[in-house]
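Following: one structure in structure tokens, then a few remarks.
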Amino acid sequence: MNSANESADWEPLLEPNGKALPKRPTGGTGGLAGTNRRETKSLYQEKWGRIRLGVLVVLAFVTFYLSLSTITLRPVVHQMVVNVPEDDEDLPGPRVPKGFLVWGPGCKMLDLDPLADDVMRLFRKERFEPCSPKKPLTTIEQDFENDSVVLRFHRDQAEKHLPHYMKFIECCYQSIERSGVNEKADKNFNLSECKYFSHDVQLPPNVTNGIMVRCKGSVSEKAKTRKSVYTNVHAFIRKKPAVQERLDRFRQSYKQRPLSVLMIGIDSISRLNLIRAMPHTAQHLYDTGWFELKGYNKIDDNTYPNLMAILTGYNNTLAYDVCNPRKVGQLETCPFLWKYFADSGYVTAYAEDEASINTFNYHKFGFVKQPTDYYLRPMALAAEKNLVKKLKNSLTFCLGYQHYADFIYQYALDFATFYKDEPNFGLFWTNTFSHNDISDPSSMDLRMKYYVEELQSRGILNNSMVIFFSDHGIRFGAVRSLLTGWLEERLPFMFMWLPDWFKEEHPQIVQALKVNRNRLTNPYDLHATLKHVLELSERIDNLPTPLSCPNCQSIFQEMPWNRSCEETSIAPHWCTCSDYEKIDKGSRLVQEAAGFVIDSINEDLAQNQRNLTKKLCAKMQLKSTSLAKIARYPDAETPHNDYLLIIDGKPGNGKFESTVRHYTKLNKFEITGSISRLNEYASQSECMHVDYLRKYCYCLRRKGG
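Set out below in structure tokens:
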């Protein structure tokens with residue numbers, strides 16, 4: 001090993017510009033030999049100096065690169081830019097200024113850039129990946145005109161499903177039916193006796209909903225030991241006598257073919273995130289004549305109240321009072337629109353993925369009676385219990401050999417195709433590729449575009465109004481700390497298709513939809529629109545307006561230019577029309593308002609505790625206030641200021657957003673709307689089974705804690 005001094009001889013001296021300086025001459029005798037040795041040594045020093053410098057530069061770069069491991073960097077995203085069409089210049093009323101979606105005395109709604117740098121740092125384009133490298137051993141082939149369903153057995157694929165030492169395979173299928181009573185009615189399914197097959201088989205007419213296929217392999221036909229090698233679930237649409245009788249009866253009484261309604265919903269996608277994450281789908285909608293409602297504003301926090309507003313015209317409070325889903329058998333007493341459609345001679349369907357978090361089942365009992373003529377839930381339950389699942393962001397992205405969303409959309413296409421010549425109403429809802437992350441929908445962009453195109457190629461668009469929509473934007477995560485996150489949570493996407501014949505018969509509706517593109521609208525308006533469709537069928541009339549929003553109206557009629565959130569039953573907390581400005585987080589009124597939010601949370605938790613013997617949740621305390629904004633209304637009938645607050649609570653570090661109204665003359669505070677939870681909390685609130693209290697509760701006794 002060299003000494004320190006010897007090692008120092010090989011270190012170059014650097015000028016400020018990085019060039020090596022010659023070493024000072026060392027002692028020793030002169031002469032040619034000595035000079036050559038020194039020159040040789042100098043050459044080696046220069047050479048090694050350059051090498052060492054290069055190594056140092058590389059090490060410095062590697063060190064810098066590794067230091068970035070804790071920083072979330074924006075990946076390189078080759079982002080398609082959607083061409084959003086300009087507003088029609090010949091429309092009545094004032095023009096909407098650039099930078100706004102809605103512009104009127106009662107509402108000025110911002111239009112933000114979906115590809116802004118701050119949000120794109122949090123976005124990554126996801127690739128679509130098949131669920132299995134293997135092709136399924138069985139598929140369904142359906143003749144919609146003759147109502148025949150053939151189970152295809154692809155024997156040529158058997159070898160890929162069998163272990164190498166197995167040569168024999170046997171398969172059988174079981175019919176899936178809804179079963180269970182009372183509180184178990186929406187949780188159980190029944191499987192029939194397994195019927196064996198070894199080739200293609202035509203399913204009998206009494207197999208009307210779906211089947212489960214099971215295959216076992218063995219080393220020989222006579223071997224006793226057999227191993228499960230394949231399981232799959234197939235859902236389909238078949239004729240049902242009661243439905244056919246209804247259709248025939250109304251067809252004889254009414255000659256006019258009414259407009260069908262197909263509702264295709266994706267959870268948690270804002271208008272901006274549809275453009276950002278699903279640009280091919282969005283561009284297709286813009287290019288093919290779909291109507292958009294840019295000012296569509298949600299009316300409450302999550303899926304249930306926003307869908308209930310559409311389907312019943314009820315707000316969350318009224319829905320729980322009239323038809324409490326946490327009481328067995330109460331949910332079906334709600335005046336769901338699909339009942340109105342069925343009573344008007346329509347065939348109805350409802351399907352949703354991820355059974356555990358279904359809109360009507362998450363911390364709810366669901367339906368005791370089957371809600372619609374065609375109801376996918378029993379097949380979904382059977383598939384979730386028996387098929388291999390792949391999770392993405394804690395949701396079932398893959399279910400067996402296909403994506404869960406494909407399971408829903410294929411069912412929607414089959415329903416709409418089977419009944420395309422009959423009046424039909426269907427609601428098809430997906431959660432699994434959109435609920436938990438703004439990037440996830442990008443993986444399904446081209447798939448979604450394919451399904452929208454299939455509506456056209458199958459002729460479904462010829463007789464159907466199609467509503468392609470969401471309930472709200474992403475409600476938690478890093479994006480919610482941005483202005484765009486606040487706005488996006490409240491502004492889901494909303495598109496509508498109308499057939500050419502309908503537009504020709506109702507030019508005033510076309511004109512209204514063009515105007516309403518830049519007007520404030522909400523789920524209650526959509527409820528009124530669907531009732532308008534029924535009244536146009538002339539099979540029913542004088543339907544009531546949305547009970548929770550008497551001022552709301554059909555989107556087929558021009559919305560008032562001066563519309564406001566207050567008159568359309570949108571609470572200030574959810575309203576995107578307010579003009580907020582930042583204020584000092586430490587001011588007295590801000591701290592009083594923040595304390596009022598914490599007190600309100602604790603009061604809600606205490607109300608629930610009064611009937612319990614054990615205390616479930618910790619008392620919440622204010623940790624900090626991270627954002628404070630104010631909107632002033634000095635000229636209101638009762639002068640007030642609205643404070644938009646983001647606060648942190650303890651224990652649990654819950655991040656909450658609330659809009660607190662302060663009546664200035666009365667010095668009184670009031671929570672408007674509900675309080676939002678901006679970060680995830682599932683593991684903290686497992687002890688709490690009251691849905692709206694879960695976001696507040698920090699369990700005193702927790703698993704693993």
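Residue 225 in UniProt numbering sits at position 225 of the sequence shown, with consecutive numbering throughout.
All C-beta atoms in this analysis are idealised placements derived from N, C-alpha and C, irrespective of residue type, glycine included.
Could you tell me the distance, in whole angstroms, from the CA atom of residue i to the CA atom of residue j?
| i | j | result |
| --- | --- | --- |
| S685 | N361 | 18 Å |
| F468 | T303 | 15 Å |
| E504 | H199 | 50 Å |
| D584 | I570 | 27 Å |
| T333 | Q370 | 12 Å |
| E177 | S626 | 52 Å |
| C697 | R95 | 47 Å |
| P507 | W501 | 10 Å |
| Q256 | F250 | 10 Å |
| F428 | A405 | 10 Å |
| L68 | R447 | The predicted position of L68 is uncertain, since its pLDDT is 38 and thus under 50; no value can be drawn from it. |
| P97 | W561 | 14 Å |
| D300 | N316 | 8 Å |
| K623 | G649 | 5 Å |
| E453 | D414 | 14 Å |
| H161 | M379 | 23 Å |
| F336 | V149 | 31 Å |
| I555 | H154 | 49 Å |
| G391 | T359 | Contrary to the premise, residue 391 reads as Leu rather than Gly in this sequence. Roughly 20 Å between the two C-alpha positions. |
| Y450 | V243 | 30 Å |
| G595 | L307 | 32 Å |
| V213 | T521 | 46 Å |
| T576 | L487 | 7 Å |
| I264 | A282 | 14 Å |
| R677 | E567 | 26 Å |
| K240 | L536 | 27 Å |
With DSSP collapsed to three states, give me the class of residue i.
| i | result |
| --- | --- |
| W497 | strand |
| I647 | strand |
| R588 | helix |
| G93 | coil |
| V219 | coil |
| F123 | coil |
| G473 | coil |
| N315 | coil |
| E141 | strand |
| P550 | coil |
| Y633 | strand |
| Y196 | strand |
| W290 | coil |
| F236 | coil |
| H280 | helix |
| N542 | coil |
| A628 | strand |
| H689 | coil |
| P523 | helix |
| L513 | helix |
| S270 | strand |
Between residue i and residue j, which are expected to be in contact by the criterion C-beta below 8 Å, what is the C-beta distance as a whole number of angstroms?
| i | j | result |
| --- | --- | --- |
| R517 | L293 | 6 Å |
| W290 | F495 | 5 Å |
| H573 | G673 | 3 Å |
| N232 | L387 | 7 Å |
| H662 | Y633 | Rounded, the Cβ-Cβ distance is 10 Å, inconsistent with contact. |
| Y350 | Y375 | 6 Å |
| residue 706 | C107 | The first residue shown for the chain is 1 and the last is 705, placing residue 706 beyond what the model contains. |
| R563 | G104 | 7 Å |
| L262 | A416 | 6 Å |
| D437 | N393 | 5 Å |
| R238 | P205 | 7 Å |
Is residue i close to chain D? Criterion is C-beta to C-beta, closer than 7 Å.
| i | result |
| --- | --- |
| K615 | Of the chains in the structure shown, none is chain D; there is only one protein chain. |
Looking at the ligand FMN, does it come within less than 6 Å of residue i, judged from the CB to the closest heavy atom?
| i | result |
| --- | --- |
| I264 | The model on display carries no ligand, and the ligand FMN is accordingly not part of it. |
> Are the region 538 to 547 and the region 582 to 595 in contact at 8 Å, needing three or more beta carbon pairs?
Replying inline: no
> Is the region 683 to 700 in contact with the region 361 to 371, if contact means three or more CB pairs nearer than 8 Å?
Replying inline: Yes, they touch.
> If you pair each beta-carbon of the region 125 to 140 with each one of the region 428 to 442, do three or more pairs fall below 8 Å?
Replying inline: yes
> Residue ranges of each alpha helix (DSSP H) run of no fewer than 4 residues wholly in the region 375 to 456, ordered along the chain?
Replying inline: 377 to 386, 404 to 418
>> Below 8 Å, how does it come out for the region 128 to 139 and the region 399 to 416: are there three or more Cβ pairs, yes or no?
In response: yes
> Where in the region 148 to 201 do unbroken runs of the alpha helix (DSSP H), each at least 4 residues long, occur, reported from the N-terminal end onward?
Replying inline: For the region 148 to 201, whole alpha helix (DSSP H) runs of length 4 or above, ordered along the chain, are 158 to 161.
>> Quick check on the DSSP output: what are the complete alpha helix (DSSP H) runs of length 4 or more inside the region 555 to 610, in order along the chain?
In response: DSSP runs (the alpha helix (DSSP H)) wholly in the region 555 to 610: 588 to 609.
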